[in-house]
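Heads up, the thing below is written out as structure tokens.
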Amino acid sequence: MSRKINVASPLVILHGDEMAQVAFERILETFVTTPLDIDLVEIDLTAENRLSTNGQAVTDAIEALNRHGVGVKNAGMTVNREQLDALLAEHSTLDRASLHPLATKSPNGAIRKGIGGNITREDIEFRNLQVERPAWIGRDIEVETMEHGGTKDSYNALSDATGVVKLLFVGQSGDPIELHRREVNKGDPWLLATNDLEDVEAWAHRFFQRALDEKRDIYLGLKDTVIAGYDGVMRAAIEDIFRADYQARAEELGLEYHYELIDAQAARLVANPPERALWGVPDNNTGRKLYKLVEQLKRYGIPERKAQVSISRMSAGGGDQYGSYNAPANEDGILKVVVDGEEKHARRVNKGDPILLMSNDRAAIKDWVLQVFRDASRKDKEVYFGLKREYMDYDEVFSDVITEARRELAKADTPPPSFMIMRPSSQLIKMITDPPRNALYPAQNLDGDIFSDISAALGGSLATASSIIESKNGTMLFEAPHGTAHDLYLKYLESDGKEAHFNSSALIYAVGNALETLAERESNAELGDYATRLKAALIDTIGDGIVTGDLKGKTTEPDKETVVDMQGFLDAVAVRLAS
1 MSRKINVASP LVILHGDEMA QVAFERILET FVTTPLDIDL VEIDLTAENR
51 LSTNGQAVTD AIEALNRHGV GVKNAGMTVN REQLDALLAE HSTLDRASLH
101 PLATKSPNGA IRKGIGGNIT REDIEFRNLQ VERPAWIGRD IEVETMEHGG
151 TKDSYNALSD ATGVVKLLFV GQSGDPIELH RREVNKGDPW LLATNDLEDV
201 EAWAHRFFQR ALDEKRDIYL GLKDTVIAGY DGVMRAAIED IFRADYQARA
251 EELGLEYHYE LIDAQAARLV ANPPERALWG VPDNNTGRKL YKLVEQLKRY
301 GIPERKAQVS ISRMSAGGGD QYGSYNAPAN EDGILKVVVD GEEKHARRVN
351 KGDPILLMSN DRAAIKDWVL QVFRDASRKD KEVYFGLKRE YMDYDEVFSD
401 VITEARRELA KADTPPPSFM IMRPSSQLIK MITDPPRNAL YPAQNLDGDI
451 FSDISAALGG SLATASSIIE SKNGTMLFEA PHGTAHDLYL KYLESDGKEA
501 HFNSSALIYA VGNALETLAE RESNAELGDY ATRLKAALID TIGDGIVTGD
551 LKGKTTEPDK ETVVDMQGFL DAVAVRLAS
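The sequence shown begins at 1 in our numbering and counts up one residue at a time.
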């Protein structure tokens, strides 16, 4: 038996769910614990353990990453209402009312905030993948969004003092009730958005009736798992109307109905579009971006991608919707935003109306902008920021920070790379329909989530991209941008483990990146060589035409492909690593 490579530093391992976890365990055994003498700090981040520990598992993960500095995170489930009910039924000692948000919400945002990290997602540079682009020109897909309400009609401003933002509610009693408070510094942007539930319901009727009249398959996209008190409230109201008034008629006409998280659905609709569909995106800020993208695709199609696409997501600081307060109003009344004791805004809401209050940290924005410029300079990339600065103070602060960072870098004789600021819709269109540049596309958190999934899907598969979370203090977390592959996991269970189909490329690449980082930090040449060879073995395996089912027909020589299952692919990578 060959000698193991000694690794002095521990590696944090954050376990996940379903098929991704089955693959992760085999990857760790094959490529980490067998060839390396390494201490793994393992945290169980499965949906069930997050719930049973009342969120303590997420806190443990953050502490481990901050202590040790390098980690690998596997994909995990974010439970919806039905899944939460099922888990609570299995854990009868848990009280739903006393659950911490970390117990049920996605751990991703909390981890990014906890380590102060921002995300960079890049295509893995497989040399022989050739994606068959869907025929988009003239495609009969329409996007329907709400005209009013939401983020578009929000009240947003910059804090003119360091203090506390309070969200107060005055209901029937006449006494103000504090719903939420958060600390802000001078110059931090904040935003209050609400939606009239009656307007949402009226929109739902128009949306479904249009689909029936025009005989279109129905797609609905929101982010209900992360923004449960806002997007989740809208989803519940819309789907209640569908079930009560439209489902039977849609089935009679042979029309399909699909609900997915907006990022996953955007990727599916762009990369594998249906023939004829109506896409409902109630959030008008997101909906208008995707409407413009679809219209552009119908006119110009999807050109061949000739360069790697990189996306940087501003997630540190708890920015935008992912770090928001969101909940429905308990009764009719008035919402008030008070900043450092001064009332800044008030608006009337009705019982059930979804409420969203979000803010961002100007200092965290600056850290992110500097990170974007560093990454772009190191990899010789052009930068295209997407901002709604012409009508949103919330975004204008990003523009100011970009200018400030640019001046600081210039004074230090390190000028930033070539960059441009455009509207987010233009940024998305450029990324998809004008991609031949070696470019970095920075975006705020929710936009970045959607853009990442679209780009990854057009790059071949969500499993052919890498994702890196980097904090200001040097903490690095490497992950795969895909999900847990629920459908594949069901087949795995039904076959008693005999059917194991999963593309583990992104997870292998994440492990390789993490080991490479450890090698650099402890000047471990032997480990560095191993990490480099591991990533090369992955790329060579696909280069030799050995692919999992999701990449079938997507190489430059499809007639020479060998399609293998998950274990067959891992074995093929191991053979090339050993050669």
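C-beta atoms are modelled at their ideal positions from N, C-alpha and C, and glycine is treated no differently.
Quick caveat, the model's predicted, so the values are computed rather than measured.
Cβ-based neighbour list, residue i, same chain, cut-off 7 Å, excluding 5 preceding and 5 following
i	result
Asn66	Ile115 and Thr475
Ala57	Ile43, Asp44, Leu45, Asn49 and Arg50
Identified DSSP bridge partners for residue i
i	result
Leu356	Ala193 and Asn326
Asp44	His15
Tyr384	Met420
Phe169	Ile177 and Leu335
Arg276	Asp140
Arg521	DSSP output for Arg521 lists no bridge partner at all.
Ser310	Glu122 and Leu440
Tyr259	Leu220
Asn6	Asp37
Glu470	Asn118 and Met476
Val563	Val547
6 Å CB neighbourhood of residue i in its chain, flanking five on each side removed
i	result
Asn128	Gly543, Thr555 and Thr556
Tyr300	Thr433
Leu370	Ala405
Val349	Thr194, Ala329 and Leu335
Gly352	Leu197 and Pro328
Ala537	Val573, Arg576 and Leu577
Ser466	Glu122, Ile124 and Tyr509
Unbroken alpha helix (DSSP H) run spanning residue i, endpoints
i	result
Asp39	Run containing Asp39: none; DSSP gives neither H nor E here.
Ile177	That residue, Ile177, is in no alpha helix (DSSP H); its beta strand (DSSP E) goes Pro176 to Val184.
Val597	Residue 597 lies beyond the residue range present for the chain, which begins at 1 and ends at 579; the question has no answer from this structure.
Arg378	Arg362 to Arg378
Lys298	Asn284 to Tyr300
Pro442	Not the alpha helix (DSSP H): Pro442 falls in the beta strand (DSSP E), residues Ala439 to Gln444.
Glu304	Unbroken run through Glu304: none, as it is neither H nor E.
Glu29	Segment: none, Glu29 is in no alpha helix (DSSP H) and carries neither H nor E.
His486	His486 to Glu494
Leu102	Pro101 to Thr104
Alpha-carbon to alpha-carbon, residue j and residue i
i	j	result
Ala329	Asp37	55 Å
Asp540	Arg576	8 Å
Arg406	Gly287	32 Å
Glu125	Ala456	12 Å
Ala525	Leu440	30 Å
Met1	Val7	Reliability of the predicted coordinates at Met1 is poor, the pLDDT of 48 falling under 50, and no value is obtained from them.
Glu201	His91	35 Å
Glu295	Gly138	9 Å
Leu51	Arg521	35 Å
Ala480	Lys472	21 Å
Ala228	Asn108	15 Å
Glu408	Pro416	10 Å
Glu561	Leu534	21 Å
Gly16	Phe242	33 Å
Ile546	Met431	29 Å
Leu94	Ala86	12 Å
Trp203	Gly55	36 Å
Ala264	Arg3	44 Å
Asp283	Thr225	15 Å
Lys626	Glu29	Nothing about residue 626 can be reported from this structure: the residues present for the chain run from 1 to 579 only.
Start and end residues, beta strand (DSSP E) containing residue i
i	result
Val339	Gly333 to Val339
Thr120	Gly117 to Asp123
Leu477	Met476 to Glu479
His345	Glu342 to Val349
Lys73	Val70 to Lys73
Ala244	Where Ala244 is concerned, there is no enclosing beta strand (DSSP E), given that its DSSP letter is neither H nor E.
Glu82	Run containing Glu82: none in the beta strand (DSSP E); it sits in the alpha helix (DSSP H), Arg81 to Glu90.
Tyr155	Tyr155 to Leu158
Glu132	Glu132 -> no beta strand (DSSP E), and no H or E assigned at all.
Chain-order list of residues whose beta-carbon lies under 8 Å from that of residue i (same chain, five-residue window excluded)
i	result
Leu255	Ala211, Leu212, Lys215, Arg216, Asp217 and Ile218
Arg206	Glu144
Arg112	Asn118, Ile119, Ser315, Ala316 and Ile469
Asn156	Pro189, Trp190, Leu191, Leu192, Met392, Asp393 and Tyr394
Minimum Cβ-Cβ distance from residue i to chain C less than 9 Å
i	result
Ser377	Reference to chain C is not applicable here, since this structure consists of a single protein chain.
Query raised in the report: Can you find at least 3 beta carbon pairs, one from the region 564-573 and one from the region 495-503, that sit closer than 8 Å?
Result: yes
Query raised in the report: Is the region 388-401 touching the region 445-456 in the sense that three or more CB pairs, one from each, lie closer than 8 Å?
Result: no
Query raised in the report: So does the region 127-143 actually touch the region 271-282, counting three or more Cβ pairs closer than 8 Å?
Result: yes
Report task. Check whether the region 423-432 touches the region 370-383, counting contact only when three or more Cβ pairs, one atom from each stretch, lie closer than 8 Å. Result -> Look at the beta carbons and you see the region 423-432 not touching the region 370-383: under three pairs across the two are nearer than 8 Å.
Query raised in the report: Between the region 152-167 and the region 325-341, do three or more beta carbon pairs fall short of 8 Å?
Result: yes
**Report entry** At least 3 beta-carbon pairs within less than 8 Å: the region 483-494 vs the region 504-524
**Finding:** Because the criterion of three Cβ pairs below 8 Å is not met, the region 483-494 and the region 504-524 do not touch.
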